[in-house]
Every structure is written in structure tokens, then in C-alpha cells.
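Engineer: Got a structure here, written out as C-alpha cells. Questions coming.
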Amino acid sequence: MSQTALRIGMLGGTFDPIHLGHLRSAVELYEALSLDRLHMIPAQQPPLRGRPQVSAKQRLALLTAGIGDTPGLIADDRELRRDGPSYSADTLAELRSEVGDKARLVMAIGYDAFLRLAQWHQPERLFELAHLVVIARPGYGYPLPAPLRELVEHRRVDSIETLMQQPCGGYLPLELPSLMAISATYVRECLEAGKSVRYLLPDPVERAIEQGGLYRQCE
Ligand code: ATP
């Protein structure tokens, strides 16, 4: 019975650092999908990018400060407790074993990350474990490359209701109400240049970055 099945979301990322684009998307996703909870999971070692300048532990601390007491959002440290590259398929397998076969498990990613999904570790396995919801991001509207189209097109559904009828296997592109052009790259650039990051980050995250002297150019 889909009405009573648990609805669990996962939003992974480098969160280098967490910003309001992540957090507002997370809140809107939580509400749009009527999730029971959304696990926000920093990667210990993101497989497809260089090593972040700030440690995984520091990124987790910033994420925790950013979430604060926001209902439904969880700063989940499970990838920090695993060695080696942080593959989402392994993380979803862990979550699936915790929530059981009937739960609706949703992996959410932004459109920029989605464009590289066919290069991820075991992309087919992701759909055996979860649904994929792709969040629109300003500036990213490119047509899908052929390998990605082959991976997702036959899984596409048109509504959240249809997606939630099954525990996993669907793909839904979703435009959330507050499209925000904020990126962590831009936040880091501002910090390195000594410019203000006010209104890009939650205040406690801004304070923690300042107090820790993080993301300064000479580090
Ligand atoms: P960077 O600029 O360093 O690449 P980022 O801002 O894209 O970082 P990530 O930690 O890589 O942040 O993002 C984690 C997830 O959140 C990804 O799926 C990404 O697409 C998504 N995301 C990031 N920023 C936004 C935003 N402003 N709106 C919607 N989704 C976002």
C-alpha cells in the first residue's frame, strides 16, 4: 500500500560548503515528495572530482550547522565511516537494508550531477535500489547525452504519485519552486577573494567558516 510505505530521500554531495541552494532544494524536495526524512550525505571521497580543500569532517560539521533544527533533514555521516571512494550505489544499498523492501527510496541529484550519471559506479544498480529525482538547476538545460538517455528514458514517469507507487526504478525530472543559481564553487570563489558570502549561506555556516579560517586563499 503506497500510502503507508515509508518515503526516504537521499541527497548526496560534496557540500564544500553547504549553501542555501542545497538547503532550500532539500526543504522543497522533502515537502514535494512528502518524505518521512531526507538524508543529506557528504561524500568522504567524491569519486569524480578532486579532493576538496576542507576535510570531510569539517564539511559534515558545516552541513550539521546549516541544517540546524530544520524538520525532516538529517546530516548523515555514513560515507565518512567507509573507506575508499564514496559510491552512491553502496550508500543506497545501506539505506535500503535499513528501511526494508517496501519503502520508497529516492536519490535526488541536481541536473549538473545528473549529466555525468552514466559515468558513475554501477549506474544500473542505482535503479534497483532507488528512484532518481533530478532537480533542475539554472543554467543547465542541455539535451541528454546518448548513454544517459539509454539509462533513464524508459524509466521516466510523469508525476510524483506514479513514482511513489513503486519502491524503486523510476526517473522523474522535477522543477522545484525556488530555482537558485548558488553553487559551492561560487561560494569558494567569494571566500578566496575576501568577498561577502552573506545570503548565500545560513548564518551559522558563515560564522563557522569565519571562525575556522576555512576556504582562505593561502591554505
Ligand atoms: P560545486 O560548485 O563545488 O560543484 P555544488 O554547489 O554543485 O558544488 P555539490 O555538493 O556538488 O554542490 O551538490 C550536491 C548536490 O546538490 C548535487 O546533486 C547538485 O547538483 C545539487 N545542487 C547543488 N547546488 C544546487 C542548487 N543551487 N539547486 C539545486 N541543486 C543543487
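Heads up: the sequence shown begins at 1062 in the working numbering, then just goes up one per residue.
For each residue, glycine too, the CB sits at the ideal point set by N, CA and C.
(1) Which residues in the same chain have their Cβ closer than 8 Å to the Cβ of R1120, if we skip the five residues on either side of it in sequence?
(2) Alpha carbon to alpha carbon, how far is G1073 from K1118? Give it in angstroms, no decimals.
(3) Buried or exposed: T1223, going by 16 or more other Cβ atoms within 10 Å of its Cβ?
(4) Per the contact definition of three or more C-beta pairs closer than 8 Å, is the stretch 1202 to 1210 in contact with the stretch 1227 to 1240?
(5) Can you tell me which of L1178, E1214, I1196 and E1271 puts its alpha carbon nearest to the alpha carbon of P1238?
(6) Would you call the stretch 1178 to 1189 and the stretch 1085 to 1095 in contact, with 3 or more CB pairs under 8 Å?
(7) By the DSSP assignment, the beta strand (DSSP E) with V1258 in it spans what residues?
(8) Would you list the residues sitting across from I1069 in a DSSP beta bridge?
(9) Find out if the Cβ-Cβ distance for the pair V1167, L1096 is shorter than 9 Å.
(10) Could you tell me the distance, in whole angstroms, from the CA atom of E1280 to the CA atom of I1270?
(11) List the endpoints of the continuous beta strand (DSSP E) containing L1124.
Structural biologist: Reading from the atomic positions:
(1) Position 59 of the sequence shown, counting from 1, holds the residue named residue 1120. Here the set comprises T1075, F1076, D1077, P1078, I1079, P1103 and P1113.
(2) Sequence index remark: in the sequence shown, residue 1118 carries index 57 (1-based). Sequence index remark: in the sequence shown, residue 1073 carries index 12 (1-based). Whole-angstrom Cα-Cα distance: 15 Å.
(3) The count along the sequence shown starts at 1 and reaches residue 1223 at position 162. By the Cβ-count criterion, T1223 is exposed, with fewer than 16 other Cβ atoms from all chains shown falling within 10 Å of its own Cβ.
(4) no
(5) For the purposes of this step, residue 1238 is identified with residue 177 of the sequence shown, where counting begins at 1. Minimum Cα distance to P1238 is reached at I1196.
(6) no
(7) Position 197 of the sequence shown, counting from 1, holds the residue named residue 1258. Judged by DSSP secondary structure, V1258 falls outside any beta strand (DSSP E); it is assigned neither H nor E.
(8) Numbered from 1 along the sequence shown, position 8 holds the residue referred to as residue 1069. Per DSSP, R1098 and L1166.
(9) What you label residue 1167 is simply residue 106 of the sequence shown in a count that begins at 1. What you label residue 1096 is simply residue 35 of the sequence shown in a count that begins at 1. Yes, these two residues count as a Cβ contact at 9 Å.
(10) Reading the sequence shown from its first residue, position 219 is the one you call residue 1280. Reading the sequence shown from its first residue, position 209 is the one you call residue 1270. The predicted model places E1280 with a pLDDT of 44, which falls under 50 and marks its position as unreliable; any figure quoted below should be read in that light. C-alpha separation (whole angstroms): 13 Å.
(11) Here residue 1124 is taken as the residue at index 63 of the sequence shown, counted from 1. Unbroken run through L1124 is the alpha helix (DSSP H), A1117 to I1128; no beta strand (DSSP E).
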